[in-house]
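So the protein lines, in turn, are chains C and X. Residues in the first sequence are numbered from 14 upward in steps of one, following our numbering. Residues in the second sequence are numbered from 18 upward in steps of one, following our numbering. These notes are about the structure you will find just below.
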Amino acid sequence: MPIGARPPIIRFDHASFGFPGVTALEDITLSIEAGEFVGVIGPNGSGKTTLCRAVLGLLPPIKGQLHIFDCACQELRCRHRAKIGYLPQKGVVDRNFPVTVFETVMMGRYGALGLFHRPGPQDRRIAMESLALVAMERYKDTALGHLSGGQQQRVFIARALAQQPKVLLLDEPTTGLDLPMQHNVIELIQHLHETLGLTVLLITHDINMIRSRVDRLVLLKTRLYAAGPPADVLQPNILEQVYGKGLVISDKDLVIVGDYHHHSH
Amino acid sequence: MLELFAYDFMQRSLLAAAMVGGLCSLIGVFVVLRGLAFVGAGTSHAAFAGVTLGYLMGWPPLLVAITFGVATVWITGWLEEQGRMKLDVSIGILYTATMAMAIVFIGLMKTYNAEVYGYLFGSVLSVTGEELFLLGGLATLVLGLLIAFWKELFFIAFDQEMAEASGVPARRIFFLLLTLVALTVVVALKTVGAILVFAMILIPASTAYQLTHSLTTLTLYSVIIGTATAVTGVIVSTVWDIPSGPSIVLLATAVFFFSLLISPKRRRISSNHLC
């Protein structure tokens, strides 16, 4: 189904987010359709992680509205939240926590199971299938802390998949990984999007890594500066408004920005 | 030595020690993993303030201890949640404030009360049948809640925000954990005393943490170490005629240092340094 003909799964309607005295995101109007692959880009402090927390239902709008699965975000119940598979930024989670790969992935079932329900054989099967989807099933008894950064990201993606989500929300999934592993993780995400039909919202600094893979790019800097196909968004005049004059677009169409966080490859 | 076990007081003491050792080491797993070490220390002093107020006013000391302990952890948790103050700062303030209250309450007592000092330093050998029954009831309640919310407690210890985002009512579970810590402290107060109770929570789980990378195994090891050191500590204290609380804690500390020596994590760090 072409983009524009599918029902919106996440809908921001003039929504602003922040804390008393601080507006992190202002007047955002944006619809994300079921099955879309959307990349969210912007410099540090542009509100990308705030957008992520809003979609998770952890931060209600201070103005306007945010609807997720046709439900106002502050009314998101456990069963709604379980439909959003979330990969947090590296460093948020203690990777030396005494937990095996399988125990980590099983946590993806806990929200969907609800209180007082123990994981059963079906949950264990779903967890194993999720591990197989990221090609990590042979590590199921390995301690999480013994894996490489890329392998850990795969395990966390499996944990998100074990929720059997409709939306996959990924906050900087390639940060701290070497270049081959970054490609590896992004290819895995694209593969999951295509094979499972998941709606993917990918927050990243790395414009060049995702530009050829996403349906749409969303460019943020407190406000929504642009949203559309990568070719439309990655225009020098638009990017300069957000990144300033330090931005260069090379003859190979690579976006290079002055900030050390935004190196292209 | 075997004739010791024939005495009623010894049987009650060993049962109380096993119960407290097992329970403290079980809740200790979540305390260590969620980084609540200081909360337990603060709670034990708040609970002691409750005991002293109970004796001063003629109210049931354990009930007042529970009220003080739970109020302390809830205020601390609320302040952290509001982003107003870090957990260790607020608990540090309440810790000293409640200890000051305890000293004031003791000062207001007209006569010396040995039972109050029993709660400060621990006196497992003087546990009565009634107290054992009450401790058993509280321990069963805490254990039941731990088992009922096991997977949620595990998840919030790993990452509370991820748990919330996944549909687990993480905030309520966090406050449940704080409440269970407070209840456990009260359960253990008479056995090891307010000063040492937190060692019973912290040391077995920290010891088990050195020995495994699996949460299930860690929990099992923690409970075994906690129960075994508590029971052995009581026997040692009786045989050598030394105070029971310190002998339990010193024994647990010795096991902790031994675990550091044999820890597979230590070997892993050393081998990483060689690379």
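Just so it is clear, CB atoms sit at the ideal spot from N, CA and C, and this is done for glycine as well.
Residue i, enclosing beta strand (DSSP E) - first and last residue
i              : result
P78 (chain X)  : P78 (chain X) -> not in any beta strand (DSSP E); alpha helix (DSSP H) instead, spanning P78 to E98.
G48 (chain C)  : Careful: G48 (chain C) lies outside any beta strand (DSSP E) and carries neither H nor E.
I216 (chain C) : T212 to I216
F240 (chain C) : This sequence places Ala at residue 240 (chain C); Phe is not what is there. Here the beta strand (DSSP E) through A240 (chain C) covers R236 to G241.
Secondary structure of residue i, DSSP reduced to three states
i              : result
Y273 (chain C) : Bear in mind that a pLDDT of 43 at Y273 (chain C), under 50, signals an unreliable position, so the number given afterwards is only what the model happens to contain. The answer is helix: DSSP assigns Y273 (chain C) an H, G or I state.
Q78 (chain C)  : strand
R19 (chain C)  : coil
F56 (chain X)  : What sits at residue 56 (chain X) in the sequence shown is Val, not Phe. V56 (chain X): helix per DSSP, three-state reduction.
A148 (chain C) : coil
R226 (chain C) : coil
I54 (chain C)  : strand
D105 (chain X) : helix
P281 (chain X) : helix
H290 (chain X) : Residue confidence is low: H290 (chain X) scores 43 on pLDDT, short of 50, so the model does not pin down where it sits. No coordinate-derived value is stated.
I41 (chain C)  : strand
A211 (chain X) : coil
A28 (chain C)  : strand
L152 (chain X) : helix
A66 (chain X)  : helix
L228 (chain X) : helix
L233 (chain C) : strand
T36 (chain C)  : strand
Among the options, the one whose alpha carbon lies nearest that of residue i
i              : options                          : result
V204 (chain X) : X:F138, X:A64, X:D25 and X:A222  : X:A64
A245 (chain X) : X:A271, X:L232 and X:T93         : X:A271
L100 (chain C) : C:H159, C:V118 and C:Y256        : C:V118
M217 (chain X) : X:T229, X:V198, X:H230 and X:Y72 : X:V198
A117 (chain X) : X:K103, X:F175, X:V87 and X:H62  : X:H62
P186 (chain X) : C:G77, C:A37 and C:L71           : C:L71
Y300 (chain X) : X:S143, X:L137, X:G100 and X:V49 : Outside the shown range of chain X (18 to 292) lies residue 300 (chain X), about which nothing can therefore be said.
T155 (chain C) : X:L232, X:V121 and X:F26         : X:L232
L194 (chain X) : X:G45, X:L19 and X:L21           : X:G45
T128 (chain X) : X:F47, X:Y72, X:L268 and X:V90   : X:Y72
Beta-carbon neighbours of residue i, restricted to chain A and to distances below 9 Å
i             : result
E98 (chain X) : Given the protein chain composition of this structure (C and X), no chain A is represented.
Whole-number beta carbon distance between residue j and residue i, since they are thought to touch under 8 Å
i              : j              : result
H41 (chain C)  : A28 (chain C)  : The question names His, but residue 41 (chain C) is Ile in the sequence shown. Their Cβ separation, rounded to whole angstroms, is 5 Å, which keeps I41 (chain C) and A28 (chain C) in contact under 8 Å.
P221 (chain X) : I242 (chain X) : 4 Å
T201 (chain X) : V159 (chain X) : 6 Å
S30 (chain X)  : V251 (chain X) : 5 Å
A37 (chain C)  : G60 (chain C)  : 5 Å
Boundaries (first-last residue) of the alpha helix (DSSP H) holding residue i
i              : result
Y134 (chain X) : A131 to F138
Y123 (chain C) : V114 to L126
D184 (chain C) : It is not in any alpha helix (DSSP H) - D184 (chain C) instead sits in the beta strand (DSSP E) that spans V180 to D184.
G98 (chain C)  : Premise fails: G98 (chain C) lies in the beta strand (DSSP E), I97 to L100, not in any alpha helix (DSSP H).
G45 (chain X)  : D25 to R51
A180 (chain X) : W167 to A182
A245 (chain X) : L232 to W257
V255 (chain C) : P249 to Y256
H204 (chain C) : L192 to L209
Residue i: CB within 7 Å of a non-hydrogen atom of the ligand NAD
i             : result
W76 (chain X) : Only the bare structure without any ligand can be found here, which leaves the ligand NAD out of the picture.
For the region 180 to 206 of chain X, which residues have a beta carbon sitting closer than 7 Å to at least one beta carbon of chain C? E181, A182, S183, G184, V185 and P186
Could you please tell me which residues of the region 47 to 64 of chain C, in chain order, have their CB closer than 7 Å to any CB of chain X? Listed by position along the chain: nothing, the set is empty.
Looking at chain X, which residues of the region 105 to 136 of chain C have a Cβ within less than 9 Å of any of its Cβ atoms? V105, V106, D107, N109, F110, P111, V112, T113, E116, T117, M119, M120, G121, R122, Y123, G124, A125, L126, G127, L128, F129, H130, R131 and P132
Below 9 Å between beta carbons is the criterion; list the residues of the region 146 to 165 of chain C that meet it against any residue of chain X, in chain order. D154, T155, A156, L157, G158 and H159
Near-chain C residues of the region 153 to 170 of chain X - C-beta to any C-beta below 8 Å: A165, F166, K168 and E169
Scan the region 219 to 245 of chain X for residues whose Cβ lies nearer than 9 Å to a Cβ of chain C and list them as they occur along the chain. Taking 9 Å as the Cβ-Cβ cut-off against chain C, the residues of the region 219 to 245 of chain X that qualify are A225, Y226, T229, H230, S231, L232, T233, T234 and L235.
Taking a Cβ distance cut-off of 8 Å, strictly less, list which residues of the region 35 to 51 of chain X are near chain C, in chain order. Interface annotation for the region 35 to 51 of chain X against chain C: L50, criterion Cβ-Cβ distance under 8 Å.
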